[in-house]
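Numbering (full-length UniProt numbering), first residue to last: 1 to 164.
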């Protein structure tokens, strides 16, 4: 029913490039994508139904999914710059009691590809480390260990968990 917004997160789970599938699961994923393509083609371009797709793996998407008329625009959200990283750290540490030795500039200025989600995960993990050790203050070392953990999980493709 119009007006509507349809949001599909992690579209790469069903929208990957097609190939000859051998397993039943892969064939089912391809059938799901074909049905999605049919549904996308069914929306009137001037209608009040907008479709938003999100992925961090645009390179794996099937070209048919990105064909003009199906997806009107591609919007990229690049990694945060230093000013933005500083603000993200500020937001996620605002309710933490930080020890005097904490130097967030070290993490802000690092050349690692930290996304906003990575920064949030680092702050959350650092806070949890302090809690596990029954400390009232989060130490610089907590942030260092948290960053190592988050980057390891990120590079291994392991989900970082759900942070609320």
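All residues carry an ideal CB built from backbone N, CA and C; glycine is no exception. The structure presented is a predicted model; accordingly, all values stated were derived computationally and were not measured.
(message) Using 7 Å as the threshold, is the C-beta distance between residue 142 and residue 130 below it?
(response) yes
(request) Measure the Cβ-Cβ separation of residue 123 and residue 97 and say whether it is below 7 Å. (result) Not a contact, by the Cβ cut-off of 7 Å.
(message) Among 127, 48, 27 and 150, whose alpha-carbon lies nearest the alpha-carbon of residue 113?
(response) 150
(request) Examine the Cβ distances between the stretch 78-88 and the stretch 98-113 and report whether three or more of them are shorter than 8 Å. (result) yes
(request) Confirm, please, whether the CB-CB distance from residue 126 to residue 99 is below 7 Å. (result) Not closer than 7 Å, so no.
(message) Tell me the DSSP secondary structure of residue 104 in three-state form.
(response) In the structure shown, residue 104 sits in coil (DSSP, three-state: anything other than H, G, I, E or B).
(request) Please name the residue, chosen from 89, 41 and 116, that lies closest to residue 77 on a Cα-to-Cα basis. (result) 116
(message) Please return the same chain residues whose Cβ sits closer than 6 Å to the Cβ of residue 9, not counting the five positions on each side in sequence.
(response) 54
(message) Please give the ranges of any alpha helix (DSSP H) in the stretch 58-135, keeping only runs that are unbroken, at least 4 residues long and fully inside the region.
(response) 82-93, 105-108 and 116-132
(request) Just the C-alpha distance for residue 15 and residue 5, rounded to the nearest angstrom, thanks. (result) 19 Å
(request) Check whether the Cβ atoms of residue 89 and residue 79 sit closer than 7 Å, and answer yes or no. (result) no
(request) Check the DSSP bridge columns for residue 16 and list the partner residues they point to. (result) In DSSP, residue 16 forms a bridge with 61.
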